[in-house]
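Chains as they are written, first to last, in the numbering used here: chain H, 1 to 81; chain G, 82 to 459. By construction, the Cβ of each residue, glycine as well, lies at the ideal position given by its N, Cα and C atoms. Here is the structure we will look at.
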Amino acid sequence: YPADRAAEDEDSMELVQQYLEKYYKLAKETKPFVRRRDHGPVVEKIREMQKFLGLEVTGKLDTDTLEMMRKPRCGVPDVGD
Amino acid sequence: FTTFPGMPKWRKTHLTYRIINYTLDLPRDAVDSAIEKALSLWQEVTPLTFSRADEGEADIKISFAVRDHGDFSPFDGPGNVLGHAYPPGPGIFGDAHFDDDEQWTRDTSGTNLFLVAAHELGHSLGLFHSADPSALMYPVYRADTDLSRFRLSQDDVDGIQSLYGSPPGSPDDPVAPTESVTSGPGTPAACDPALSFDAVSTLRGEILFFKDRYFWRKSLRTLEPGFYLISSFWPSLPSGLDAAYEDTSKDTVFLFKGNQFWAVRGTEAQAGYPKGIRTLGFPATVGKIDAALFDKEKKKTYFFVGDKYWRFDEKRQSMEPGFPRQIAEDFPGVDPKVDAAFEAFGFYYFFSGPSQLEFDPNARKVTHTLASGSWLNC
Numbered sequence: 001y002p003a004d005r006a007a008e009d010e011d012s013m014e015l016v017q018q019y020l021e022k023y024y025k026l027a028k029e030t031k032p033f034v035r036r037r038d039h040g041p042v043v044e045k046i047r048e049m050q051k052f053l054g055l056e057v058t059g060k061l062d063t064d065t066l067e068m069m070r071k072p073r074c075g076v077p078d079v080g081d
Numbered sequence: 082f083t084t085f086p087g088m089p090k091w092r093k094t095h096l097t098y099r100i101i102n103y104t105l106d107l108p109r110d111a112v113d114s115a116i117e118k119a120l121s122l123w124q125e126v127t128p129l130t131f132s133r134a135d136e137g138e139a140d141i142k143i144s145f146a147v148r149d150h151g152d153f154s155p156f157d158g159p160g161n162v163l164g165h166a167y168p169p170g171p172g173i174f175g176d177a178h179f180d181d182d183e184q185w186t187r188d189t190s191g192t193n194l195f196l197v198a199a200h201e202l203g204h205s206l207g208l209f210h211s212a213d214p215s216a217l218m219y220p221v222y223r224a225d226t227d228l229s230r231f232r233l234s235q236d237d238v239d240g241i242q243s244l245y246g247s248p249p250g251s252p253d254d255p256v257a258p259t260e261s262v263t264s265g266p267g268t269p270a271a272c273d274p275a276l277s278f279d280a281v282s283t284l285r286g287e288i289l290f291f292k293d294r295y296f297w298r299k300s301l302r303t304l305e306p307g308f309y310l311i312s313s314f315w316p317s318l319p320s321g322l323d324a325a326y327e328d329t330s331k332d333t334v335f336l337f338k339g340n341q342f343w344a345v346r347g348t349e350a351q352a353g354y355p356k357g358i359r360t361l362g363f364p365a366t367v368g369k370i371d372a373a374l375f376d377k378e379k380k381k382t383y384f385f386v387g388d389k390y391w392r393f394d395e396k397r398q399s400m401e402p403g404f405p406r407q408i409a410e411d412f413p414g415v416d417p418k419v420d421a422a423f424e425a426f427g428f429y430y431f432f433s434g435p436s437q438l439e440f441d442p443n444a445r446k447v448t449h450t451l452a453s454g455s456w457l458n459c
C-alpha cells in the first residue's frame, strides 16, 4: 500500500472498532479488525450495524458504511442493555 | 422502534424538567423554546404533560457539557456524538446531556438544538433507537431535515404509545372506564351470527375473546360475559390483536400483533416487551401469527400460521425441530386459516370466521362444530 493508504486504513479500522464497541456492544478485547477478513465477530457486528442503519449488509467497510459512521449522531448505543 | 431493555418508563404522567445550564451559542430564550417545542412533540401523542422547574430536583435535567462531564460517557469534541440521554428513573436517569463542542443553532446551519433535543428527550421518556431512517429516534442526525414540516414519524408515535398509550380523549383512546362497556353502534355485537374473533385466550380460569379494540371476558361462574376496552386493562397493548395464549404454568398471557408480542400477568403488562416473534424461533418469512394455544398437559404452545403450525416447548423455551407441519395433517377437519384458538377441558377450540370447532387432541378428530359466539351466552 502507499503509506497514506495504510494510514487511512489504520484510521478507518480504528474508527470501526470504536464505533462497534460504543454502539453495538463489540467486546473490547476483540482482536483488531483486519480488513481482508470476511468473518469473525467484527464482521458480524458490521453486518448488524449495516442492517440497523439501513445500509447494504456486506460485512465490509465500504464507502457508505464509513461515511455513515462519520456522521454526527446520538451517543446512546443502538443495541444492548 | 425499540424501548430500553426492561422497558423502563415513567410511572406517572406529569413530569418536571429543569434546564441546568445554557450553551453560549444561542440566547437563553431560544434554548428554552427549543426544549419546550421538543417536549410538546411527545406531549401531543401521549397522556404525558411537562412542567418546568427552575431549581431543585426534576425528573428530566437538561445540561450542556464538553468532554468528560462526570457520567463515564465523555463527549468527543466537535462532530460525532451530539448528545446522549438516560432512560426513565431516579437521579441521572431521565436526564439529557448536550455536547457544547457542537455549534447549536435555531436552523440547520449548525446542529439544530430542537431536533437533537426531541431525540434525546425521546430517550428520557423510554425510547431506544429506531432502525427506521425516517424516525426521529433513528440514531444518526439528519442535517437535511425540513424543520418547517417536521413531525414525529408513525414509528415514533407507535413507540411512545407502546409505553404510555395515546392522549386521553383522543378518538382512538377514549378515557377508558374499567367497568364494562355497553355495546352500541361501532362496537362488535356478541350475538352477531357473523361474529369472528381476532384472538382468544384463557386467563386465570376465565376466557377472553378479543375483537378490534375490545374483548369479552367470560367467567365460567357467570352467565353473562363482561365487555371491555383492551386499553382499560392494558393501555400499552395495541388493538386488533392477531393471537393470544395463556401459559398457565407462568400465570402469563402472551399477546401477538404483527411481528411483536407482549406479556401480561393479570392486569400488569410485563417489562421487556414487546419482543419480536423471531426471538421465539420463527423464520423471517413469518410476519405474523394467526392463532396460538397452550396445551397445559404437554406444556407446549401451538402457533398457527396460514396452513401450517409450529410447536414451542415452553419448558425448553425453544421451537421444536421438525416444524412447521401442515395443520390438515395433524388436525384433520381443521381448515386454515385459523383466526383464534384456545385449550380448555382437554379440548382444543379453533375459531375460523363465524364458526368454531371443538377438537379432541387424543382422538385427533373434530367432536363439535359451534358458532364462534357460543361462549357468549347467545
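Under 9 Å from the C-beta of Y222/G: neighbouring residues of chain H: The residue you call residue 222/G lines up with position 141 of the second sequence. What Y222/G touches in chain H: K71, P72, R73, C74.
Nearest-angstrom Cβ-Cβ length linking I141/G and D176/G, presumed shorter than 8 Å: Taking the second sequence and counting its residues from 1, one reaches residue 141/G at position 60. Taking the second sequence and counting its residues from 1, one reaches residue 176/G at position 95. Rounded, the Cβ-Cβ distance is 6 Å, consistent with contact.
Element boundaries [alpha helix (DSSP H), containing Q242/G]: In the second sequence, residue 242/G corresponds to position 161, counting from 1. Segment 235-245, the alpha helix (DSSP H) holding Q242/G.
Three-pair Cβ contact test at 8 Å for the segment 132-139 of chain G versus the segment 38-48 of chain H: no
Rounded C-alpha distance that separates E56/H from G207/G: Here residue 56/H corresponds to residue number 56 of the first sequence, with the count starting at 1. Here residue 207/G corresponds to residue number 126 of the second sequence, with the count starting at 1. Answer to the nearest angstrom: the Cα atoms are 29 Å apart.
N- and C-terminal bounds of the alpha helix (DSSP H) containing K60/H: Position 60 of the first sequence, counted from the start, is the residue given in the question as residue 60/H. It is not in any alpha helix (DSSP H) - K60/H carries neither H nor E in the DSSP assignment.
For I173/G and I100/G, the rounded distance between their alpha carbons: The residue labelled residue 100/G in the question sits at position 19 within the second sequence. The residue labelled residue 173/G in the question sits at position 92 within the second sequence. I100/G and I173/G: Cα-Cα distance of roughly 14 Å.
Cutoff 8 Å: L53/H Cβ touching any chain G Cβ: The count along the first sequence starts at 1 and reaches residue 53/H at position 53. Cβ-Cβ to chain G under 8 Å: yes for L53/H.
DSSP beta-bridge partners of W391/G: If you number the second sequence from 1, residue 391/G lands on position 310. Answer is F384/G, bridged to W391/G.
DSSP three-state assignment for Q72/G, whether helix, strand or coil: It is not possible to answer for residue 72/G, since the shown part of chain G is limited to 82 through 459.
One or two residues paired with G335/G in a DSSP bridge: Sequence index remark: in the second sequence, residue 335/G carries index 254 (1-based). According to the sequence provided, residue 335/G is Phe. The question's Gly does not apply to it. Partner(s): Y326/G, A344/G.
Option in S313/G, L322/G, L107/G, P306/G with minimal Cα separation from D181/G: To locate residue 181/G, count along the second sequence from 1; it is residue 100. Checking every option, the nearest Cα to that of D181/G belongs to L107/G.
A198/G: first and last residue of the uninterrupted alpha helix (DSSP H) it sits in: Position 117 of the second sequence, counting from 1, holds the residue named residue 198/G. 194-205 is the span of the alpha helix (DSSP H), which, as asked, contains A198/G.
Where E56/H sits in the DSSP three-state scheme: Against the first sequence, residue 56/H aligns to sequence position 56. Coil.
Own chain partners of T259/G with C-beta closer than 7 Å, once the 5 adjacent residues on each side are dropped: As a working note, residue 259/G is residue 178 in the second sequence. Because T259/G carries a pLDDT of 48, less than 50, the predicted location of this residue cannot be relied on, and the following value inherits that uncertainty. Hits under 7 Å: S313.
A257/G (DSSP reduced to helix, strand or coil): On the second sequence, residue 257/G is found 176 positions in, with the first residue counted as 1. Any answer about A257/G is weak, because its pLDDT of 39 lies below 50 and its placement is not dependable; what the coordinates show is given next. Note: A257/G maps to coil in three-state DSSP.
Residues bridged to F432/G (per DSSP): The sequence position of residue 432/G within the second sequence is 351, counting from 1. F432/G pairs with A421/G, Q437/G.
Cβ-based burial, E125/G [other Cβ within 10 Å; buried from 16]: Against the second sequence, residue 125/G aligns to sequence position 44. Burial call: exposed.
Residue interval of the beta strand (DSSP E) (run including S114/G): Taking the second sequence and counting its residues from 1, one reaches residue 114/G at position 33. That residue, S114/G, is in no beta strand (DSSP E); its alpha helix (DSSP H) goes 109-124.
Close-in-space but distant-in-sequence residues of the same chain around A199/G (CB under 7 Å, 5 per side omitted): Here residue 199/G is taken as the residue at index 118 of the second sequence, counted from 1. Excluding sequence neighbours, A199/G sits near A119, L122, L217.
Listed by chain order, chain H residues near A166/G by CB distance under 9 Å: Against the second sequence, residue 166/G aligns to sequence position 85. Per Cβ cutoff of 9 Å: C74, G75, V76.
Contact between the segment 357-375 of chain G and the segment 269-276 of chain G (3+ Cβ pairs under 8 Å): no
Nearest-angstrom Cα separation, counted from Y383/G out to R397/G: Taking the second sequence and counting its residues from 1, the one referred to as residue 397/G is at position 316. Taking the second sequence and counting its residues from 1, the one referred to as residue 383/G is at position 302. Approximately 14 Å, taken between the alpha carbons.
Buried or exposed by the 16-neighbour rule on C-beta atoms within 10 Å, applied to V256/G: Along the second sequence, one-based indexing puts residue 256/G at 175. Residue placement at V256/G is poorly supported in this model, since its pLDDT is 36, which falls under 50; the coordinates still yield a value, given next. Exposed: under 16 other Cβ atoms inside 10 Å.
P89/G and G164/G closer than 8 Å at C-beta: As a first step, residue 89/G is located in the second sequence; it is residue number 8 there, counting from the start. As a first step, residue 164/G is located in the second sequence; it is residue number 83 there, counting from the start. The answer is no: Cβ separation not under 8 Å.
Residue burial classification, H210/G (beta-carbon count within 10 angstroms, cutoff 16): Taking the first residue of the second sequence as position 1, residue 210/G is located at position 129. Its Cβ being crowded by 16 or more others within 10 Å, H210/G is buried.
Three-state class that DSSP yields for D376/G in the structure shown: Within the second sequence, residue 376/G is the residue found at index 295, counting from 1. D376/G: strand per DSSP, three-state reduction.
Continuous alpha helix (DSSP H) stretch holding A411/G: start and end: Counting from one through the second sequence, the residue named residue 411/G turns up at place 330. It should be noted that the sequence gives Asp, not Ala, for residue 411/G. 408-411 is the extent of the alpha helix (DSSP H) around D411/G.
Proximity test, Cβ basis, 8 Å: E67/H and chain G: For this step, residue 67/H is matched to residue 67 along the first sequence. It does not: the Cβ of E67/H has no partner Cβ on chain G nearer than 8 Å.
Interface partners of S154/G on chain H, CB under 7 Å: For the purposes of this step, residue 154/G is identified with residue 73 of the second sequence, where counting begins at 1. Neighbours of S154/G on chain H, chain order: G75.
Where the beta strand (DSSP E) through F145/G begins and ends: Indexing the second sequence from 1 puts residue 145/G at position 64. From DSSP, the beta strand (DSSP E) with F145/G extends over 141-146.
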